[in-house]
Amino acid sequence: MSTASSLPDLSRLCIHTITTKPWAIETSAAKFAAAGAKGITVWRDTLAGRNLGATRQMLRDHDLSVVSLCRGGFFPATTAAERIKALDDNRKAIAEAHELGAPLIVLVCGAVPGQSLLDSRKQIQDGIAALLPDCQSAGVKLAIEPLHPMYADSRSAVNTLGQANDMVEAIGSPLVGVAADVYHLWWDPALQQEIARCGRLNALFAFHVCDWRTPTIDLLNDRGLMGEGCIPLRQIRSWVEAAGFNGFHEVEVFSTRLWAMDQDEYLQQIVQAYRNHV
Ligand code: ZN
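Under the numbering used here, the first residue of the sequence shown is numbered 8, with each subsequent residue one higher.
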């Protein structure tokens with residue numbers, strides 16, 4: 008009996024470059040591939056100073072699928088000039104995704120403290136709609152990532168999967184869907200039904216995993232590795248798969264604590280946590 012065959016396979020494991028933030032993208036790619044991952048989601052900061060065509064080839068040489076580029080968005084602003092600037096940055100992200108061979112851009116949609124969430128959501132929807140011709144010609148899709156309500160002040164006015172689904176429906180383009188991240192969505196009593204609805208809309212484009220620690224000591228950089236917190240990962244994964252999702256499981260962890268670890272040791276823990284908890 009082979010023990011290898013009884014291990015859950017890693018063919019759907021994708022890791023975000025931000026998860027091992029201390030590493031350059033070349034190091035992440037080599038180590039992720041050696042650990043058995045088949046996908047990588049690239050954060051734009053890791054591309055600074057790189058030739059994107061050469062980076063695309065480097066990722067291909069490691070047999071890694073580029074799952075997404077993170078991130079675009081931040082559409083709302085109090086002036087038209089700032090909103091135009093935001094669109095320009097998103098167009099730049101679309102061009103980068105095209106050059107890198109990333110089929111999808113994850114959108115952290117944005118919000119402005121003091122501006123109503125309704126107004127911000129309107130600006131987000133208008134912003135996404137304005138990008139559709141660019142997405143069409145670049146062959147790049149957009150995924151609205153609803154963010155936990157603790158970020159509603161300044162990072163995203165889209166805070167539930169229901170709101171994201173509403174926006175996807177209103178825009179009505181096959182180029183626009185949703186990135187479902189367990190960190191942001193696990194608490195929502197409507198989660199199961201909204202995941203099913205997202206599936207019916209053919210809009211479930213991405214699935215991000217990590218865990219929620221108690222206590223959480225930092226709003227941004229204290230995510231847990233899968234199994235370290237209270238998120239019912241297997242249950243949510245079962246809902247996502249019942250909705251027809253068969254893409255990558257993307258490990259996205261921002262953690263000052265884990266970035267301070269030896270990253271090789273941490274990567275082994277990521278693979279183990281993926282096998283045990285996702
Ligand atoms: Zn995410």
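Cβ atoms here follow ideal geometry from the backbone N, Cα and C, with glycine treated the same way.
| Asked | Found |
| --- | --- |
| Nearest neighbour of Asp-160, chosen from Gly-117, Tyr-190, Gly-184, Gln-170 [CA to CA] | Gly-117 |
| Closer than 7 angstroms: Asp-68 CB and nearest the ligand ZN heavy atom | no |
| Endpoints, the alpha helix (DSSP H) within which His-284 is located | 270 to 284 |
| Distance CB(Val-49)-CB(Thr-26) smaller than 8 angstroms | no |
| Touch test, the segment 263 to 270 against the segment 239 to 252, Cβ-Cβ under 8 angstroms, three pairs minimum | no |
| Pocket of the ligand ZN defined by Cβ to heavy atom distance under 5 angstroms | Asp-188, His-215, Glu-259 |
| C-alpha gap between Asp-229 and Leu-154, whole angstroms | 15 angstroms |
| Bounding residues of the beta strand (DSSP E) (the contiguous stretch that carries Ser-72) | 72 to 80 |
| Whole-angstrom distance between Leu-107 and Asp-96, CA atom to CA atom | 16 angstroms |
| Backbone CA spacing between Leu-274 and Leu-211 [nearest angstrom] | 27 angstroms |
| Glu-257 burial status per 10 Å Cβ neighbour count (16 or more: buried) | buried |
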